[in-house]
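Notes for the one structure printed next.
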Amino acid sequence: KAGVTQTPRYLIKTRGQQVTLSCSPISGHRSVSWYQQTPGQGLQFLFEYFSETQRNKGNFPGRFSGRQFSNSRSEMNVSTLELGDSALYLCASSREQGLNEKLFFGSGTQLSVL
Amino acid sequence: LAKTTQPISMDSYEGQEVNITCSHNNIATNDYITWYQQFPSQGPRFIIQGYKTKVTNEVASLFIPADRKSSTLSLPRVSLSDTAVYYCLVVGAAGNKLTFGGGTRVLVKP
Chain X
724 KAGVTQTPRY
734 LIKTRGQQVT
744 LSCSPISGHR
754 SVSWYQQTPG
764 QGLQFLFEYF
774 SETQRNKGNF
784 PGRFSGRQFS
794 NSRSEMNVST
804 LELGDSALYL
814 CASSREQGLN
824 EKLFFGSGTQ
834 LSVL
Chain D
14 LAKTTQPISM
24 DSYEGQEVNI
34 TCSHNNIATN
44 DYITWYQQFP
54 SQGPRFIIQG
64 YKTKVTNEVA
74 SLFIPADRKS
84 STLSLPRVSL
94 SDTAVYYCLV
104 VGAAGNKLTF
114 GGGTRVLVKP
């Protein structure tokens, strides 16, 4: 069974641009959640999607948004990029909704903002 | 949600037992405690989850005292491949929020 797939693996953008990251969950998993990982702030929860609806949200500004498609694949968008948005962005999938489910993580997208 | 605190790093040797304690003083009545393992260039991997007392699976044990203000992840007989960062999480029972600890970098030496 294929794991969680995130694309692209690496991304370089400049300040002010926007970026879209993609996540394909494990087959049969219906929930996708997103996380930001930085050396300074560690791992932080962004949001969770289930059945194409955002169910839970962390404390991030509105520049961070996402969506989920009918096949459970998810995208995350960051608009008006700032230097501080440089981070590893991880997505995780689980069978059912809820962050207390067993989460399966992808290897992440490393975003560098110049 | 409860803030978690764990040691920054720990060293151990092959074959030894490693115990990592996580503090979560403000844990709510129905919160769960979960541990994940992360290797470089990979996403975290689920290890174990518990609510109270002791939970054991094929790779680890989780000990949670009655007051639930802390928890201890126990890795029996570690090998070099157990060198990783271990994260303690408190997860709301409703599954609507979670907080990661800062992670404990475990180095297993030969």
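In order, the protein sequence lines correspond to chains X and D. Just so we're aligned: the first sequence equals residues 724 to 837 in the numbering used here. Just so we're aligned: the second sequence equals residues 14 to 123 in the numbering used here. Glycine residues also receive a C-beta, built at the ideal position from the N, C-alpha and C atoms.
Determine, using beta carbons only, whether residue i comes closer than 8 Å to chain X.
i	result
A41 (chain D)	no
R58 (chain D)	yes
E55 (chain D)	The identity of residue 55 (chain D) in the sequence shown is Gln, whereas the question assumes Glu. For Q55 (chain D), the answer is yes, since a Cβ of chain X falls inside 8 Å of its Cβ.
A106 (chain D)	yes
G116 (chain D)	yes
At the level of alpha carbons, what is the spacing between residue i and residue j?
i	j	result
G789 (chain X)	P123 (chain D)	45 Å
I61 (chain D)	G807 (chain X)	32 Å
G105 (chain D)	Y64 (chain D)	11 Å
L822 (chain X)	S94 (chain D)	27 Å
Y772 (chain X)	S793 (chain X)	11 Å
V121 (chain D)	T85 (chain D)	18 Å
C35 (chain D)	S809 (chain X)	28 Å
K67 (chain D)	I33 (chain D)	14 Å
K780 (chain X)	T69 (chain D)	31 Å
G831 (chain X)	G115 (chain D)	18 Å
T47 (chain D)	K110 (chain D)	13 Å
R818 (chain X)	A15 (chain D)	25 Å
Let me confirm a value: residue i is counted as buried when at least 16 other C-beta atoms fall within 10 Å, else exposed. Which label applies?
i	result
Q838 (chain X)	With chain X running from 724 to 837 in the structure shown, residue 838 (chain X) is simply not present.
A41 (chain D)	exposed
S22 (chain D)	exposed
Spatial neighbours of residue i within its chain, please: CB distance less than 6 Å, with the 5 preceding and 5 following residues excluded, ordered by chain position.
i	result
A79 (chain D)	none
F113 (chain D)	Y100 and L102
Looking at the C-beta of residue i, does it have a partner C-beta in chain D at a distance below 8 Å?
i	result
S830 (chain X)	yes
N823 (chain X)	yes
Near residue i, which residues of its chain fall below 7 Å by C-beta distance, leaving aside the five closest residues on each side in sequence?
i	result
S816 (chain X)	V727, P748, I749, H752, S754, V755 and F827
A97 (chain D)	Q50, Q51, F52 and V119
Which residues in the same chain have their Cβ closer than 8 Å to the Cβ of residue i, if we skip the five residues on either side of it in sequence?
i	result
P89 (chain D)	E30, A73 and S74
Exercise for the section: May I ask you to verify whether the stretch 735-742 of chain X touches the stretch 797-805 of chain X, counting CB pairs closer than 8 Å and requiring at least 3? Expected result: These segments touch.
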